Amino acid sequence: MGKNERSKIVMSDDEIAEFIERSRTATMATVLPNGRPHLVAMWYAVLDGEIWFETKAKSQKAVNLRRDPTITVMIEDGQSYTTLRGVSIDGTAEIIDDPETNLRVGISVWERYTGPYTDEMRPFVDQMMNNRICVRVVPGRMRSWDHRKLGMGDMPVGGSTAQYLQGRDGPEQETGTTEFAACRHDHEVRRQGARVGVSEVRREDRRQLAHRCGTEETGADVAARAHRPQIR
């Protein structure tokens, strides 16, 4: 993907905030003593638009961050190329261990992953946060992407892993793979149209696009895509 295409998929600040708020799992990277990255999947809290983690005080990630506060966090989503989106944050970790902050982070985690918080839930949150510290992510550099902004249409989820995402059995998976291959072909037709002009793209291929991918494209739609830069 070229520089011009990358600029099209950047999320706005509001889109980033909404994506972080609605997502569920983040990947956190810290630095081990030997310099290797230490990656873990984490649930997280959101306080005043910022990402916070809670972790055991003696966990490996806590040990890493006390020695080196360098941290990278990635949150991503999407099952096909045209639905991929995510946010990656390079920053500094700030470790905080005080009762008030621990409670706020604990309540956010509780509400995000368990349910509404009430005073009756306080003992459970206190137990959850016992012997834990809080980590605030202070952003330094932020990158984002949302492939839905490319306007390429939908691509079916295909390949050998699709059955585990969608609960398909063998025969249905084979059909899904065929549909995926067909739509990969149709997307290649779109790219060819952008290179050589709409007149050289067969009408039959455009009809197949509407049939296989479930998108009814008009001549104007195809013509509009012909003027878009090629996406590799």
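The opening position of the sequence shown corresponds to residue 1 in UniProt numbering, with each subsequent residue numbered one higher.
C-beta: ideal position from N, C-alpha, C; glycine also.
Keep in mind it's a predicted model, so treat the numbers as computed, not measured.
For residue i, the three-state DSSP class (helix, strand or coil)
i, result
"L165", "helix"
"I9", "coil"
"M155", "coil"
"N4", "helix"
"G78", "coil"
"G35", "coil"
"T175", "Reliability fails at T175, whose pLDDT of 43 lies under 50, so the model's placement of it is uncertain and the value that follows must be treated cautiously. If DSSP states are grouped into helix, strand and coil, T175 belongs with the helices."
Host alpha helix (DSSP H) of residue i (start-end)
i, result
"K61", "Q60 to R67"
Boundaries of the beta strand (DSSP E) in which residue i is found, first to last residue
i, result
"W43", "Here W43 belongs to no beta strand (DSSP E), and DSSP marks it neither H nor E."
"R141", "R132 to D146"
"T55", "E50 to K56"
Integer-rounded CB distance, given that residue j should sit under 8 Å from residue i
i, j, result
"R148", "R85", "7 Å"
"K56", "N131", "6 Å"
"S80", "M155", "4 Å"
"V87", "I20", "6 Å"
"R136", "I96", "6 Å"
"T92", "V138", "5 Å"
"W43", "T30", "About 16 Å separates the two Cβ atoms, so there is no contact after all."
"residue 261", "I9", "Since the first residue shown for the chain is 1 and the last is 232, residue 261 is missing from the structure and cannot be characterised."
"G106", "E50", "Wrong, their Cβ atoms sit about 16 Å apart, outside the cutoff."
"residue 303", "I75", "Outside the shown range of the chain (1 to 232) lies residue 303, about which nothing can therefore be said."
"G153", "T82", "7 Å"
"N64", "L32", "6 Å"
"residue 252", "D90", "Outside the modelled stretch of the chain, which goes from 1 to 232, sits residue 252, for which no answer is possible."
Practice problem: Assess, as a yes-or-no matter, whether the segment 21-39 is touched by the segment 55-66 under the definition of 3 or more beta carbon pairs within less than 8 Å. | Solution: Counting C-beta pairs with one atom in each stretch, the segment 55-66 and the segment 21-39 have three or more that are closer than 8 Å, which means they touch.
Quiz item: Can you list, in chain order, the stretches of the beta strand (DSSP E) that have 3 or more residues and sit fully within the segment 82-135?
Solution: Taking only runs of at least 3 residues, the beta strand (DSSP E) segments lying wholly in the segment 82-135 are 85-96.
Quiz item: When the Cβ atoms of the segment 115-122 are set against those of the segment 67-77, are three or more pairs found closer than 8 Å?
Solution: No, they do not touch.
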